[in-house]
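Please read the structure below before turning to the comments.
Numbering (this note's numbering), first residue to last: 656 to 1417.
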């Protein structure tokens, strides 16, 4: 009789409210949270309470729910999530502000005297409540009402099955939700069914009422749905696109992203519905500086106890490792931080893209200038230089409206997970309105001043002649910071230049005016001592040949012409080639040449320095980059000419060949690399990632010098038709950080679906 006593307790619950008199058509808003939640029946068979009396057969009981994975996945563009496609116990992934459909199987036909209510709760909230918006209760209605934040509408009733459309609020919490269905018969005997299927509700760039709404279809496809991209590295002189597999739909990635938001980013309650707070928290959660974030940064050359940043191919492996152990993954540099942050944002539905800024300033003193101090021989004084210029720096942009800033500041917002400077006592940056950055409005939240300096600071070179002498300003460069700001074009594996979205054209009235306005807001006018006097008798032209494959020599050339018709000049020249990290930290000098000569009137002289491979290869740092500089002095008048440039040698690409891939059919591929070095390559291996493959393959034999080929073969079984990308990374003892990619088009093996196959673009 235990089940009967428990069932009798259900009968003492107050009856459900009269649903027909609670809507806005009766002059008052719907009481969403007034519904009682009955206790579930304890004695059940196959999910159905045991009933031994005909008087109880009118109880309306939920026997099962079909999540309509195929239909909802297509409508919400979530079909690719592993959560949706897994064979056992798939979850439902949908986007807020948009209806999804479920079929509910009942023990008997539904009639309009039955009451059904739906209770949604946040899965990871210990105490879900109405006040934190982590608990929502709403009845089944006959029609949609814009006055209700959430809606559950009866779509169709067929025998013992009803179809309902559920529309979450466009500003509901982005998280994993649980759903209970409470039913009652006309005798007010309630019954509660807990649906075991999880509902992941994401931000929705396709919903007009969502703060992340994006009106461009091509950018929605790219910044939310594209799972492979290019991240630009290298230098402004030698740009290098690197393939990156975002993998936002892969196993554990969405769950890990939501874990980071709550437990590492510490965003709880209603705040999890806000993309501003969410993206700012994620910028901190991706690095490990203040918390147990995803990635640990390392800018040394020692990666023995982890993975070198140049060896990562994508984000999924990183996030899966992190989610399994909840320990920061070793190691990352800016493009790895940027790739993982894009993965997380796209997974939860915030449009995101990776941005590369060449000659990116790191202004440590908030002066909006980057200051270099050097000796009278042109040697950089590292002990006096706290500012730096990175050959390139990678951050992210996310798309959202900014109601906190007022009208006109929505659109792309810059966020940065690379730990450079603290913001509100944590290593994070943004979201900074890109529009505000271009306007020089450096006091706008968040971190606009730092972003503005990264793309628009002045570069200033000072000659230090001792502690008792004034600094001499030998060069002020207003044009070299913030060059070729790049991202991937939507729908194409090409570069899109977005420099104009961050700054006005260099040296224009608008650009200089913005700079002066920003300096005034910063209240930190940097003291300038005195400029070089104008001097036109001597013409200098400093250049280098910048399309050099690693293994080849390169040349530095300085052309000097005396234009005077009457005077000779004595000139001292220092030419230097030094290795440099991509963060701008100068390392060992590879080669330096000094000259002291007199240049006769109306003559010219060309100085040329050749740097051989055997001179530079042992000193190369992470990005195979160099700092090339020239300091020339005209002795008679104490005039200084200074020029500096970044340069990198180009590494070979990995080439990939495959058969014509077919869905669910094994496909064969080959990856190879030609050795450009005069040295034999040892311990060679390829890391291959693509549809149905994630594998590291070792090359059995050493690879001969000067044109020897490293080759591996691999197989994979693509599971989905359409366009996909295979990425490959090559490493060896002597040569690393070489990569390549190939776009493939998987055909259907089902003749009835042949028209669905995506074909290559023209």
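All residues carry an ideal CB built from backbone N, CA and C; glycine is no exception.
Computed from a predicted structure; not experimentally measured.
Residue 874 carries a helical assignment under DSSP once its states are collapsed to helix, strand and coil. When DSSP states are grouped into helix, strand and coil, residue 901 belongs to the coil group. Linking residue 1074 to residue 1136 through their CA atoms gives a straight-line distance of about 20 Å.
For residue 836, the closest of 847, 826, 1255 and 982 by C-alpha to C-alpha distance is 847.
Non-local C-beta neighbours of residue 850 in its own chain, meaning closer than 6 Å and more than five positions away in sequence, comprise 720 and 834, ordered along the chain.
Boundaries cannot be given for residue 954, as no beta strand (DSSP E) includes it and DSSP labels it neither H nor E. Of 940, 1119 and 797, the smallest CA-CA separation from residue 1038 is found for 1119. Between the segment 1158 to 1174 and the segment 1252 to 1271 there are fewer than three inter-stretch CB-CB distances shorter than 8 Å, so the stretches are not counted as touching. The three-state reading of DSSP puts residue 1158 in coil, since its state is none of H, G, I, E or B. Residue 987: member of the beta strand (DSSP E) spanning 984 to 987, first to last residue. In this structure, the straight-line span from the alpha carbon of residue 736 to that of residue 827 is close to 21 Å. If you check the CB distance, residue 794 and residue 772 come in under 7 Å. Look at the segment 808 to 859 and you find these whole runs of beta strand (DSSP E), each 3 residues long or longer: 816 to 822, 830 to 839 and 845 to 857.
Per DSSP, residue 1339 is not a residue of any beta strand (DSSP E), being assigned neither H nor E.
Counted as a single uninterrupted DSSP element, the stretch harbouring residue 1257 is not any alpha helix (DSSP H), since DSSP gives it neither H nor E. A direct Cα-to-Cα measurement between residue 817 and residue 973 gives close to 43 Å. For residue 929, the three-state secondary structure derived from DSSP is coil.
Straight across, the Cα-Cα distance linking residue 1124 with residue 1042 is about 22 Å.
Going by beta carbons, residue 1209 and residue 1266 fall inside the 7 Å limit. Counting other Cβ atoms within 10 Å of its Cβ, residue 1320 stays below 16 and is therefore classed as exposed. In terms of Cβ geometry, residue 1204 and residue 1333 do not form a close pair [threshold 7 Å]. Annotated three-state conformation of residue 864 is coil, per DSSP.
Annotated three-state conformation of residue 1270 is helix, per DSSP. Assignment of residue 1375 by DSSP, reduced to helix, strand and coil, places it in the coil class. Here residue 806 is buried, its C-beta having at least 16 other C-beta atoms within 10 Å. The continuous stretches of alpha helix (DSSP H) do not include residue 1204, and DSSP gives it neither H nor E. Distances from the alpha-carbon of residue 938 to those of 985, 906, 924 and 992 put 992 closest. With respect to residue 1003, residue 867 sits apart: the two C-beta atoms are not nearer than 7 Å. Around the Cβ of residue 988, a 10 Å sphere holds 16 or more other Cβ atoms; the residue is buried. The straight-line gap separating the alpha-carbon atoms of residue 727 and residue 1105 is approximately 42 Å.
The alpha carbon of residue 1101 has as its nearest neighbour, out of 1112, 1077 and 896, the alpha carbon of 1077. The C-alpha of residue 1322 is placed about 11 Å away from the C-alpha of residue 1348.
Rounded to whole angstroms, the gap between the alpha carbons of residue 1378 and residue 1318 is 11 Å. Boundaries of the beta strand (DSSP E) around residue 1353: 1348 to 1353.
Straight through space, the alpha carbons of residue 1341 and residue 1328 are spaced by roughly 10 Å. At a Cβ-Cβ threshold of 7 Å, residue 775 and residue 791 count as neighbours.
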